[in-house]
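Q:
There are 2 protein chains.
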Amino acid sequence: MPSPLSNIPAIVVARLPLYLRSLNILAESGSTVISSAELGARLGITPAQIRKDLSFFGEFGKQGTGYDVLYLREQLKNILHLDQQWSVALVGAGDLGRAIAQHGGLGERGFRIVAIFDQSTEKIGEQIGDIPVESMDLLPIVVRRRQLQLAIIAVPANRAQRAADVLVASGIKGILSYAPIRLHVPDTVQVRYIDPLIALQEMTYYLGG
Amino acid sequence: MPSPLSNIPAIVVARLPLYLRSLNILAESGSTVISSAELGARLGITPAQIRKDLSFFGEFGKQGTGYDVLYLREQLKNILHLDQQWSVALVGAGDLGRAIAQHGGLGERGFRIVAIFDQSTEKIGEQIGDIPVESMDLLPIVVRRRQLQLAIIAVPANRAQRAADVLVASGIKGILSYAPIRLHVPDTVQVRYIDPLIALQEMTYYLGG
DNA sequence: TAGATTGTTAATCGATTAACAATC
DNA sequence: TAGATTGTTAATCGATTAACAATC
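What follows is the structure in structure tokens.
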């Protein structure tokens, strides 16, 4: 695998996890082969786009037949570096951080929260699941020692940028932020946002006043 | 206001909430005027794009000066129909639904959860905050009586499509789904997804294996 | 007035789609 | 072989950006 081809459009990369998700469902249901047309119908994406997207990375299909579900799934996992467990730091042990850590939909899917940090002296020492909340002061040490590359930010908006700065300085390369502000980071660092409020506001435009 | 101009690109509409968010911050900090250049710098968007986006809806600025923060904020709120409280139905009273209902970042911002539904007989009758969990059987009646237009889905993937079907049949016009599947709904219904796993998988592509 | 910034047009850029030869 | 579907090219479509006259 030619490691992250930097010339692949981000929008193409962003669709790969959706393809993978469908392939997981197909694999579970016992399907062995799928065409770009069928996959497209499930995802609301044109078959041509799926074929084009995949062609950035190689030739995975067979004319007349389609794609082998297990094989394509394996390939996508490799491309996305999901052939390994990812350890994740969580910043913020409030309601939201707690929900993220405990709900654990992530843990079962290859992203394990291995350290939790909070500013508040009250929260330090508490356990969330089986992970103790540690002081923000320890963050750089822990992140470096464990060589963590991913972090989740779940602190209030007014502390999010500072959290990001510390994370980046400690070597974090990817941040998933639940804070409703744009984070400024070097462009060697990936950032994605989760913001239900923005999503709701996007929809009300289309709803009758 | 010419009600939802249907010919405005969705990607333009999707940026309006971001503009609004910045304007809220600016207003709080006491700024009275802002140029497209300054706003763009905050958001990582080119000034030309901001001006173009806004020009779909009217002329809100003044040459030589920029935009009046409070005025533009008001206009965007109107365009997005955020000049009112929105009542929202929540489907799913598990860990996730509970976290969404209690965390309440939404309530303070104009989206109030007014009814919670769950399948499980055990959960029915429980209170989350001050809202009782009701049976799914009551959903159509409650949604119709209260004329709810928005709903949040926080049930497992295998129940999400059924939940969406019931919601749509009950008159819901916008769905925010936390379930990791694509929902099939009539195109008169808006759907947005919140999926931290997909966001993480998008980032690992760029990280060293 | 001089300087700044808008709103808008036209040019550029990039993403999506249609079409089809290759081939299983 | 006949039918189906890929991978890829070229055409289309749509979004972003640069540039500038208008004007505060």
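If you read the protein sequences in the order shown, they are chains A and B. The numbers in my numbering rise by one with no breaks, and the one at position 23 of the first sequence is 23. The numbers in my numbering rise by one with no breaks, and the one at position 180 of the second sequence is 1180. We treat Cβ as the ideally placed atom computed from N, Cα and C, and that holds for glycine.
#1: What's the gap between the Cα of GLY1105 of chain B and the Cα of ILE1153 of chain B?
#2: Pull up the CB-CB distance for LEU150 of chain A and ILE116 of chain A, whole angstroms please, since I reckon it's below 8 Å.
#3: Using CA atoms only, rank isn't needed, just tell me which of B:GLY1030, B:GLN1049, B:LEU1197, B:ALA1027 is closest to ALA1037 of chain B.
#4: Using 8 Å as the threshold, is the region 126-139 of chain A in touch with the region 190-203 of chain A, meaning 3 or more CB pairs across them?
#5: Note down, in chain order, every chain B residue with its Cβ under 9 Å from the Cβ of HIS116 of chain A.
#6: Looking only at its chain, what residues have a beta carbon closer than 8 Å to the beta carbon of VAL1143 of chain B, apart from the 5 residues adjacent to it on each side?
#7: Taking 9 Å as the threshold (beta carbon to beta carbon), is ASP1068 of chain B in contact with chain A?
#8: Just verifying my parser: in three-state terms, what is the DSSP assignment at MET1 of chain A?
#9: Please determine if the region 1058-1073 of chain B and the region 1028-1047 of chain B are in contact, where contact requires at least 3 C-beta pairs separated by less than 8 Å.
#10: With a 10 Å radius around its C-beta and 16 neighbouring C-beta atoms as the bar for buried, classify ARG1145 of chain B as buried or exposed.
#11: What residues from chain A crowd round VAL1013 of chain B, counting only those whose CB sits closer than 9 Å?
#12: What does LYS173 of chain A touch in chain B if you count any residue whose Cβ is under 9 Å from its own?
#13: How close, in whole Å, do the beta carbons of LEU1076 of chain B and TYR1019 of chain B come, if the pair is a contact with beta carbons under 8 Å?
#14: Expressed to the nearest angstrom, what Euclidean distance is found between the alpha-carbon atoms of PRO1004 of chain B and VAL1013 of chain B?
#15: When you compare only the Cα positions, how much space is there between MET1 of chain A and ILE79 of chain A?
#16: For ASP187 of chain A and ILE1141 of chain B, what's the separation of their Cα atoms in angstroms?
#17: Run through the DSSP bridge pairs and tell me what ALA89 of chain A is partnered with.
#18: Step through the CB atoms of chain B and report whether any lies within less than 9 Å of the CB of PRO4 of chain A.
#19: May I have the straight-line CA-CA distance separating ALA1093 of chain B from VAL1155 of chain B, to the nearest angstrom?
#20: Using the C-alpha atoms, what's the distance from MET1136 of chain B back to SER31 of chain A?
#21: Can you confirm whether GLY44 of chain A, when its beta carbon is compared against all beta carbons of chain B, has any partner nearer than 9 Å?
#22: Contact defined as beta carbons within less than 8 Å: I believe GLY110 of chain A pairs with GLN147 of chain A. What is the distance between those atoms, to the nearest angstrom?
#23: Can you tell me which of the three DSSP states ASP1068 of chain B falls into?
#24: Report the option in B:TYR1178, B:SER1087, B:ARG1112 whose CA atom is closest to the CA atom of GLY1097 of chain B.
#25: So, PRO17 of chain A versus ILE1011 of chain B, is the Cβ gap smaller than 9 Å?
#26: Given that a residue counts as buried once 16 or more other Cβ atoms are within 10 Å of its Cβ, and exposed if not, what is GLN1201 of chain B?
#27: By how many angstroms is the C-alpha of ARG21 of chain A removed from the C-alpha of GLN1119 of chain B?
#28: Taking 9 Å as the cut-off, decide whether the C-beta atoms of GLY1174 of chain B and THR204 of chain A are in contact.
#29: Below 7 Å CB to CB, which residues in the same chain sit around LEU183 of chain A once its five sequence neighbours on both sides are set aside?
#30: Output needed in chain order: residues of the region 85-99 of chain A with a Cβ under 7 Å from some Cβ in chain B.
#31: Candidates A:GLU28, A:ARG42, A:ASN7: which alpha carbon is nearest ILE1181 of chain B's?
#32: List, in order along the chain, the chain B residues whose C-beta lies closer than 7 Å to that of LEU176 of chain A?
A: Answer, in terms of the structure:
#1: 17 Å
#2: Not confirmed; about 14 Å, so no contact.
#3: B:GLN1049
#4: no
#5: Looking at the sequence provided, one finds Ile at residue 116 of chain A rather than His. Those do not exist, as ILE116 of chain A stays about 16 Å from chain B at its closest Cβ, beyond 9 Å.
#6: ALA1089, ALA1115, ALA1151, LEU1167, SER1170, GLY1171, ILE1172
#7: no
#8: Low local confidence applies: a pLDDT of 40 at MET1 of chain A is under 50, so the model's placement there is unreliable, and no value is given.
#9: yes
#10: exposed
#11: GLU202, TYR205, TYR206
#12: MET1203, TYR1206, LEU1207, GLY1208
#13: 6 Å
#14: With a pLDDT of 45 at PRO1004 of chain B, under the threshold of 50, the modelled position of that residue is not reliable, and the figure given next carries that caveat. Looking at the two C-alpha atoms, the distance is approximately 10 Å.
#15: Note that MET1 of chain A scores 40 on pLDDT, short of 50, meaning its location in the model is unreliable and no value can be drawn from it.
#16: 50 Å
#17: A:ALA115, A:ALA151
#18: Note that PRO4 of chain A scores 44 on pLDDT, short of 50, meaning its location in the model is unreliable and no value can be drawn from it.
#19: 8 Å
#20: 32 Å
#21: yes
#22: In fact, because the Cβ distance is near 17 Å, the residues do not count as touching under 8 Å.
#23: strand
#24: B:TYR1178
#25: no
#26: buried
#27: 25 Å
#28: yes
#29: ALA160, GLN161, ALA164, ILE175, SER177, VAL191
#30: TRP86, ASP95, LEU96, ALA99
#31: A:ARG42
#32: PRO1196, ALA1199, LEU1200
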